[in-house]
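**Q** Here you go, one structure.
In the UniProt record's numbering, the protein residues as written are 1 to 466.
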């Protein structure tokens, strides 16, 4: 079996086991409301959906709509259409339907992303056994894992950015107008699914500055159809080009949970100390990027190494993606104030995981030459895997209840003190069973990581000392 299929099926099996069969969060209900309304009522308005009670909705011309960009829901509605044919509907089997929609829409997308991640490592001629280690750590030791088990836009958008980056590297080897067009299409599609990733579009555009005029035109033409569809949907569902989630006027209705001071992209801190405290916890503290994905320490080291390696063929492309990722993080630090709400870590960071993990592949020589680095990587990667599996208990972990750390809440809220915080008995049982299952799966993944890592170390030693 080809390696790509092995990777795809391995992660698919992982998500078959880990995908959560429970519609619980506002995010879930908001997205399911649009999918149900499209298939059952032929409209984007969610007034007649059983999920209308979600707080993630706005009011426009007498109707409620989900505040989520609708393109991902349109994609998910295709699967729901076929599930409905077989009698699997929200009204009959609410949680089972959600499970299948999440697995098919989000889980499968992440599996495709893992395949393209491996394709990039193969393109870069990364040693095979080291590539196995990096692929496993990326898929099971970052925020990709927990956020591939629930219905959300972040992992899907991250996959599309990665595919765009793969094509960007590929056209440096072999010029292709088709790939240039596809890059424009896939990157704008990522933005239409998660609007903040439109931030990557200027950086992909810069990558085309030194390309032939035909490639530039192909890239621009690739952007056009999705941009038209995206803004057309905004006008159709909200009467404005402004994304509904950032349009303050749409949230001014009785019972609205959001407003000018709480909408992401609009909210901000007015004093420097509060902003600095927020930035600290967004990066290192209770909800920090490094706190929940410590393996990125090695990624940053790998990027610095590439930055000073002027012989590296794809240095410019890596720099552009790294700067784009940093800009993405800074945007949320300056234009949000709620750490992405009820979420494990900061869910917004899931978009970046594929791209940020790529530089890990380039520290191969340091790890097999320096024993201390080798040991430190092993410890850090193991911790990253454990932290990711804790998040898989329930990624939409309660915020501030009972602690300000979503890592602790994943244990306390859903496992240790479930009787106190979760009134529904069947849901308490679900999470206790899930904790046992995740413990078993996490143990298996750790054993596989140790096996792959030892295999890599032994082959490395043989390479150096034949």
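Glycine included, each C-beta is placed from N, C-alpha and C at the ideal position.
In this text the structure is predicted, and so the values were computed from the model without any measurement.
1) Here's the rule I'm using: 16 or more other beta-carbon atoms within 10 Å means buried, otherwise exposed. How should residue 304 be labelled?
2) Residues in its own chain within less than 8 Å of residue 207 by CB, not counting five upstream and five downstream?
3) According to the Cβ coordinates, are residue 449 and residue 52 closer than 7 Å?
4) Smallest Cα separation from residue 292: which of 102, 146, 436?
5) When you compare only the Cα positions, how much space is there between residue 410 and residue 445?
6) Between which two residues does the alpha helix (DSSP H) harbouring residue 328 extend?
7) On the DSSP letters alone, give me the boundaries of the beta strand (DSSP E) that residue 63 sits inside.
8) Which whole-angstrom value describes the C-beta separation of residue 60 and residue 237, a residue pair presumed to lie in contact below a C-beta threshold of 8 Å?
9) Contact between the stretch 346-353 and the stretch 208-225 is defined here as three or more beta-carbon pairs at a separation below 8 Å; is this criterion met?
10) Quick check on residue 175: does DSSP put it in helix, strand or coil?
11) To the nearest angstrom, how far is it from the Cα of residue 272 to the Cα of residue 328?
12) From the DSSP output, in three-state form, read off residue 448 for me.
13) CB residue 367 to CB residue 377, shorter than 7 Å?
14) With distances taken from CA atoms, which of 338, 93, 211, 8 is nearest residue 286?
15) Going by the beta-carbon positions, is the gap between residue 67 and residue 245 smaller than 7 Å?
16) Give the range of the beta strand (DSSP E) segment to which residue 57 is assigned.
17) Am I right that residue 70 and residue 44 are in contact with their C-beta atoms under 8 Å? What's the rounded C-beta distance?
18) On a CA-only basis, which of 361, 382, 104, 284 is nearest residue 299? Give me that one, please.
19) Which value, in whole angstroms, describes the spacing of the CA atoms of residue 128 and residue 364?
20) Taking just the CA atoms, how far does residue 399 sit from residue 257?
21) Going along the chain, which residues of its own chain have a beta-carbon closer than 8 Å to the beta-carbon of residue 57, five neighbours each way excluded?
22) Could you tell me which residues DSSP puts in a beta bridge with residue 45?
23) Nearest to residue 140 by CA position, among 15, 80, 226, is which residue?
24) Assign residue 253 to one of three DSSP states: helix, strand, or coil.
25) CB residue 452 to CB residue 133, shorter than 7 Å?
26) Just tell me which of 295, 396, 354 has its CA closest to the CA of residue 345.
27) Smallest Cα separation from residue 8: which of 93, 431, 119?
28) Please classify residue 308 as buried or exposed, where buried requires at least 16 neighbouring CB atoms within 10 angstroms.
29) Quick one, which of 123, 54, 17, 393 has its alpha-carbon nearest residue 255's?
30) Look at the alpha carbon of residue 333 and the alpha carbon of residue 341, and state the distance between them as a whole number of angstroms.
31) Output the distance between the C-alpha atoms of residue 205 and residue 76, rounded to the nearest integer angstrom.
32) Quick one, which of 130, 36, 115 has its alpha-carbon nearest residue 73's?
33) Under 7 Å, do residue 160 and residue 186 count as touching if we go by C-beta distance?
34) Nearest CA to the CA of residue 177: which residue from 123, 216, 224, 162?
35) Hey, residue 404 and residue 355: beta-carbon distance below 7 Å or not?
36) Please report the straight-line C-alpha distance between residue 431 and residue 171, rounded to a whole angstrom.
**A** Inspection of the coordinates gives the following:
1) exposed
2) 168, 316, 317, 320
3) no
4) 146
5) 20 Å
6) 315-334
7) 63-66
8) 7 Å
9) no
10) coil
11) 20 Å
12) helix
13) yes
14) 338
15) yes
16) 57-60
17) 6 Å
18) 361
19) 11 Å
20) 16 Å
21) 30, 33, 46, 64, 65, 66, 67
22) 65
23) 15
24) coil
25) yes
26) 396
27) 119
28) exposed
29) 54
30) 14 Å
31) 29 Å
32) 36
33) yes
34) 216
35) no
36) 47 Å
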